[in-house]
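Asker: Number 290 marks the last residue of the sequence shown (full-length UniProt numbering); no jumps.
Every residue gets a Cβ at the ideal spot worked out from N, C-alpha and C, and that includes glycine.
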Amino acid sequence: MFFRAFRNEDFDVSELSFSSYCVKLAREESHYVAIPVFLSRAFRHTSVYIRTDKGINSPEDLKGRRIGIAEYQLTANVWVRGILEDDYGVKPSDIHWVRGGMDTPGRPEKIKVDLPDDVKMTQAPDGATLNQMLMDGEIDGFIGPRWPKCFNEGHPHVGRLFTDSISAAEDHYKRTSIFPIMHVLGVRKSLAEQHPWLPGALLKAFSQSKKMALDALSDTSATKVTMPFVEDTLDRAKNLLGDDLWPYGVAPNRKVIETFLDYHYRQGLSPRKLSIDELFHPSTREVFSL
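(1) What are the partner residues of GLN123, as DSSP defines its beta bridges?
(2) Given this structure, state the Cα-to-Cα distance separating PHE11 from SER58, to the nearest angstrom.
(3) Under 7 Å, do PHE206 and ARG41 count as touching if we go by C-beta distance?
(4) Can you list, in chain order, the residues of its chain with a C-beta nearer than 8 Å to that of GLY268? Leave out the 5 residues immediately preceding and following it.
(5) Taking all protein chains shown into account, do 16 or more other C-beta atoms lie within 10 angstroms of the C-beta of residue 327, making it buried, or fewer, making it exposed?
(6) Residues bridged to ARG160 by DSSP?
(7) Which residues does DSSP pair with PHE142 in a beta bridge?
(8) Exposed or buried, which one is PHE288 when buried takes at least 16 other CB atoms within 10 Å?
(9) Once you ignore the five residues that flank residue 291 on each side, which residues in its own chain have a CB closer than 8 Å to its CB?
(10) DSSP has VAL11 in a bridge; who is on the other side?
(11) Cβ of GLY200 within 7 Å of Cβ of ALA34?
(12) Rounded to the nearest angstrom, what separates TYR88 and GLN194 at their Cα positions?
(13) So for PHE288, helix, strand or coil by DSSP?
(14) Is the stretch 154-168 in contact with the stretch 134-141, if contact means three or more CB pairs nearer than 8 Å?
(15) According to DSSP, is MET182 helix, strand or coil?
(16) For ARG41, name the three-state secondary structure that DSSP assigns.
(17) Measuring CA to CA, which of LEU234, ILE143 and ILE83 is closest to GLY100?
(18) Taking the alpha helix (DSSP H) that ILE257 belongs to, which residues open and close that run?
(19) So what does VAL187 bridge to, in DSSP terms?
(20) Excluding the 5 residues flanking LEU290 on each side, which residues of the same chain have their C-beta closer than 7 Å to its C-beta?
(21) By a C-beta neighbour count over all protein chains shown, 10 Å radius and 16 as the cutoff for buried, is SER275 buried or exposed?
(22) Are HIS45 and ALA169 closer than 7 Å when you measure CB to CB?
(23) Please state whether DSSP places PHE229 in a helix, a strand or coil.
(24) Within the continuous alpha helix (DSSP H) that includes residue 292, where are the two ends?
(25) Beta-carbon separation of ALA26 and ARG188 under 7 Å?
(26) With DSSP as the reference, identify every bridge partner of PHE280, one or two as the case may be.
(27) With C-beta atoms as the reference, is PRO36 less than 7 Å away from GLY249?
(28) Tell me which same chain residues have a C-beta within less than 7 Å of the C-beta of TYR227, skipping the five on either side of it?
(29) If you reduce the DSSP assignment to three classes, tell me which class ASP118 lands in.
(30) If you draw a straight line from the C-alpha of SER19 to the C-alpha of TRP79, how long is it?
(31) Helix, strand or coil, according to DSSP, for GLN73 in the structure here?
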């Protein structure tokens, strides 16, 4: 979906990678304008996987290591690098990044990026996958939005850096109030110009849809998700985040967005630091009735 949206502009309305959108916007190449509907959010302490036999016992031990990534500009990776630097003093330049396909060799970056001179990144060897390199110990870890296959299959020497990732994420949120945003909603610029009411209507529709989903999730007489401990998990989440687990709109997300824009610029993915006012269609910056 993201490849089609950013390479070919195939869709009128599309979920968009937050990072890819910022790359395009900063270059004045975006065919979409964002709406502050955040369709994907995730605490990213689950995203760092390591070889448990390489002496990596803390985030600081990642310095000098070879860490695999599918794409440097992935939103999840931007968040992880920012957290590693801000909380543990591990800069992107402290790590040797190895880029390649997770399960299929030769994955390209959706968007070409020019990295800072002090960031070292090499391509995985031809025919190699990051999953196999991690299994073989050819890389020391992996960072990405989902687990590598070998972790899910129970490889004896592959684990998470943050073994209690929920507690680590809760601690980070209590200190920062940041629930990371992964994806935004985008509408084709030409359509928004032709129909200036459309972005606001989409914000209202998605907000109503989200309310329906959260109401259904809270009805645990018959759970709407196929996982155990739904009531306990909801209680824990609400105790941390409040009743609105998944806020839309600019105002309740200002700090999260500003933090991400700072990370994006500091990591060399934006040639200039973007402002919140640039990101979203003007009609969606305020709440109003249609």
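Answerer: This is what the structure gives:
(1) BP columns for GLN123 point to ARG99.
(2) Their backbone Cα atoms lie some 43 Å apart in a straight line.
(3) In this structure, ARG41 does not lie closer than 7 Å to PHE206 by Cβ.
(4) The residues are VAL113, ASP114, LEU115, PRO116 and VAL119.
(5) One cannot answer for residue 327 here, as it falls past the ends of the chain, which runs 1 to 290.
(6) Under the DSSP definition of a beta bridge, ARG160 partners with TYR49.
(7) TYR49 and GLY68.
(8) In this prediction, PHE288 scores a pLDDT of 45, lower than 50, which makes its location untrustworthy; no coordinate-derived value is stated.
(9) Given that the chain is displayed from residue 1 to residue 290, the structure contains no residue 291 and the question cannot be resolved.
(10) Per the sequence shown, residue 11 should be read as Phe rather than Val. PHE11 is not bridged to any residue.
(11) Result no, Cβ atoms of GLY200 and ALA34 do not sit closer than 7 Å.
(12) One C-alpha to the other measures close to 47 Å.
(13) Summary for PHE288: the model assigns pLDDT 45, below 50, so the residue's position carries little reliability; its value from the coordinates is reported in the next sentence. Here PHE288 carries a coil assignment [DSSP, helix/strand/coil].
(14) At 8 Å Cβ cutoff, the stretches touch.
(15) Assignment of MET182 by DSSP, reduced to helix, strand and coil, places it in the strand class.
(16) Looking at ARG41 - three-state DSSP - the assignment turns out to be strand.
(17) Just measuring C-alpha positions, the residue of LEU234, ILE143 and ILE83 sitting nearest GLY100 is ILE143.
(18) Membership of ILE257 in the alpha helix (DSSP H) is indicated by the continuous run 254-266.
(19) In DSSP, VAL187 forms a bridge with VAL13 and VAL33.
(20) Bear in mind that a pLDDT of 40 at LEU290, under 50, signals an unreliable position, so the model cannot answer this.
(21) The residue is exposed, with fewer than 16 neighbouring Cβ atoms inside 10 Å.
(22) In this structure, ALA169 lies closer than 7 Å to HIS45 by Cβ.
(23) For PHE229, the secondary structure class from DSSP, reduced to helix, strand or coil, is coil.
(24) The structure shown has nothing for residue 292, since the chain only spans 1 to 290.
(25) With a cutoff of 7 Å on beta-carbon distance, ALA26 and ARG188 are scored as not near each other.
(26) ALA34, per the DSSP bridge assignment.
(27) Contact flag set, yes.
(28) In the sequence as presented, Tyr is not what sits at residue 227; that position holds Met. Closer than 7 Å at Cβ, skipping near neighbours: no residue.
(29) When secondary structure is reduced to three states using DSSP, ASP118 falls in the coil class, being assigned neither helix nor strand.
(30) Taking the straight line joining both Cα atoms gives about 10 Å.
(31) DSSP places GLN73 outside both helix and strand once states are collapsed to three, so it counts as coil.
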